[in-house]
Amino acid sequence: MNSRAVFSLYEGVREHLPEALALKTPLHVKDIDSLLDQAGCFFLDAFGVLNVGTKAIPGAQQLLKRLRARGLPFLMLTNSATLPKSYLCDKLGAMGLAFEPHDIVSSREVLWSLLPFSSNNWGIIGERHEMEVPLRVTLQEDDGFWESDGFLFLSTGCWDDALQAKWREALRERPRTVWVANPDLTAPREDGAFPKQPGFYTLLEPASLFTDLHSVGKPFNNVFAYALHLAKKRWGVDAQDVMMVGDTLHTDVLGANAMGMKSALIESYGFFKGLETLPFMHQSGIFPDVRLSAYM
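The numbering of the sequence shown is my numbering, which starts it at 1099 and goes up by one.
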């Protein structure tokens, strides 16, 4: 897949996503300080804004330094659900990007806040890590996974099309609740590849497969509402004071617009690297408030 193909996939699932707001003419800013002049609080995507794969984006360290130097509050808002936040901090720190757990809101964290805790046995699609909450869980390689009472889809590192086909049949035979903690269809890597994410295996399936599907993460309002609640509590800011900085139209920008937040599209590093973004905006009807081509 490439950016154009993935964009078309997102357009094909628009009925499942928030609605786009009115047409805008994005302000094209030239550098980090011009971006930071546009709002009083910032939510930052990770992939495509701070890093691509295991490498920090040139200028990402400077972005964080300028935010801190200007005393602007910020959170990293990520759909990454593979790891607990302590692991995310370690991974980002290895790239020279300093974050503490309280600086991050992850879709995994938001899932735990929304999940009804019960005696159910949950089948986990994802990697084997300690759970931050007390749940009865079975991973896909364990006995009993296919008979689980419901499923939590966290990541795709141990998932493939053959397992998806088996899961599809299991859900048709006995429908069950499914929670998806990363509704991204894909995520860009440093080698230019776009590996499949949990949203690929859920949003692209026929709606009839899922009788009780819950998507947690951008562009859905649950993750934004969680982050906005934290921002209000810590800094007294409201949605109109916050700018979401992302590299995608269908997740970062669309979700922010639907919540009444400002949005900024970073064009040169992640999803739209090497592409002119305006045609995609006009095709989708999704427009950010601000465009920034590059940090430096």
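Even for Gly, the Cβ is constructed at its ideal location relative to N, Cα and C.
Assuming the contact rule is C-beta atoms closer than 8 angstroms, residue i and residue j should be a hit. Round their C-beta distance to whole Å, please.
i	j	result
Leu1212	Val1314	6 angstroms
Phe1308	Thr1300	7 angstroms
Leu1115	Cys1139	The Cβ separation is near 24 angstroms, so there is no contact.
Phe1243	Arg1274	Incorrect: roughly 12 angstroms between the Cβ atoms, too far for contact.
Asp1247	Asn1280	Actually they do not touch by this definition, with Cβ atoms about 21 angstroms apart.
Thr1349	Pro1377	Between Pro1377 and Thr1349 the Cβ distance is about 19 angstroms, and since that is not below 8 angstroms, they are no contact.
Leu1072	Arg1226	Past the edges of the chain, shown from 1099 to 1394, lies residue 1072, and the structure says nothing about it.
Asn1355	Leu1119	5 angstroms
Leu1311	Leu1173	So it is not a contact: roughly 27 angstroms between Cβ atoms.
Met1341	Gln1159	Not a contact, Cβ separation roughly 19 angstroms.
Ser1204	Leu1190	The pair is not a contact, with the Cβ atoms about 12 angstroms apart (cut-off 8 angstroms).
Leu1133	Leu1390	5 angstroms
Please list the terminal residues of the continuous alpha helix (DSSP H) segment that includes residue i.
i	result
His1327	1319 to 1333
Leu1186	1183 to 1192
His1380	1376 to 1382
Val1208	1205 to 1212
Leu1142	That residue, Leu1142, is in no alpha helix (DSSP H); its beta strand (DSSP E) goes 1139 to 1142.
Arg1166	1158 to 1167
Residue i and residue j: beta carbons closer than 8 angstroms?
i	j	result
Glu1288	Lys1153	yes
Ala1325	Phe1145	no
Gln1338	Gly1358	yes
Ile1155	Lys1183	no
Val1276	Phe1251	yes
Val1351	Pro1386	yes
Val1388	Pro1124	yes
Val1235	Trp1220	yes
Asp1131	Arg1164	yes
Ser1106	Leu1373	no
Ser1253	Thr1346	no
Pro1395	Val1150	This structure does not reach residue 1395, given that the chain is present from 1099 up to 1394, and the question cannot be answered.
Arg1375	Val1104	At residue 1375 the sequence reads Thr, which differs from the Arg that was named. No, they are not a contact pair.
Trp1257	Glu1230	no
Asp1282	Asn1177	yes
Along the beta strand (DSSP E) that carries residue i, what are the first and last residues, could you check?
i	result
Arg1270	No beta strand (DSSP E) holds Arg1270; the alpha helix (DSSP H) holding it covers 1259 to 1271.
Gly1353	Careful: Gly1353 lies outside any beta strand (DSSP E), inside the alpha helix (DSSP H) at 1352 to 1356.
Leu1390	1388 to 1390
His1362	It is worth fixing the name first, because residue 1362 is Ala in this sequence and not His. Element bounds for Ala1362: 1360 to 1364.
Leu1373	Here Leu1373 belongs to no beta strand (DSSP E), and DSSP marks it neither H nor E.
Phe1412	Only positions 1099 to 1394 of the chain appear in the structure, and residue 1412 is not among them; the question remains open.
His1312	1310 to 1313
Go ahead and label residue i buried or exposed: buried means 16 or more other beta carbons lie within 10 angstroms of its beta carbon, across all protein chains shown.
i	result
Ala1196	exposed
Arg1168	exposed
Tyr1108	buried
Gly1395	Missing from the structure shown is residue 1395; the chain here goes from 1099 to 1394 and no further.
Gly1368	buried
Tyr1393	buried
Ser1216	exposed
Ser1361	buried
Gly1334	exposed
Arg1332	exposed
Val1147	buried
Ser1306	exposed
Asp1240	exposed
Leu1162	buried
What are the start and end residues of each continuous alpha helix (DSSP H) run of 4 or more residues lying completely inside the segment 1099 to 1136, in chain order? 1101 to 1110, 1130 to 1134
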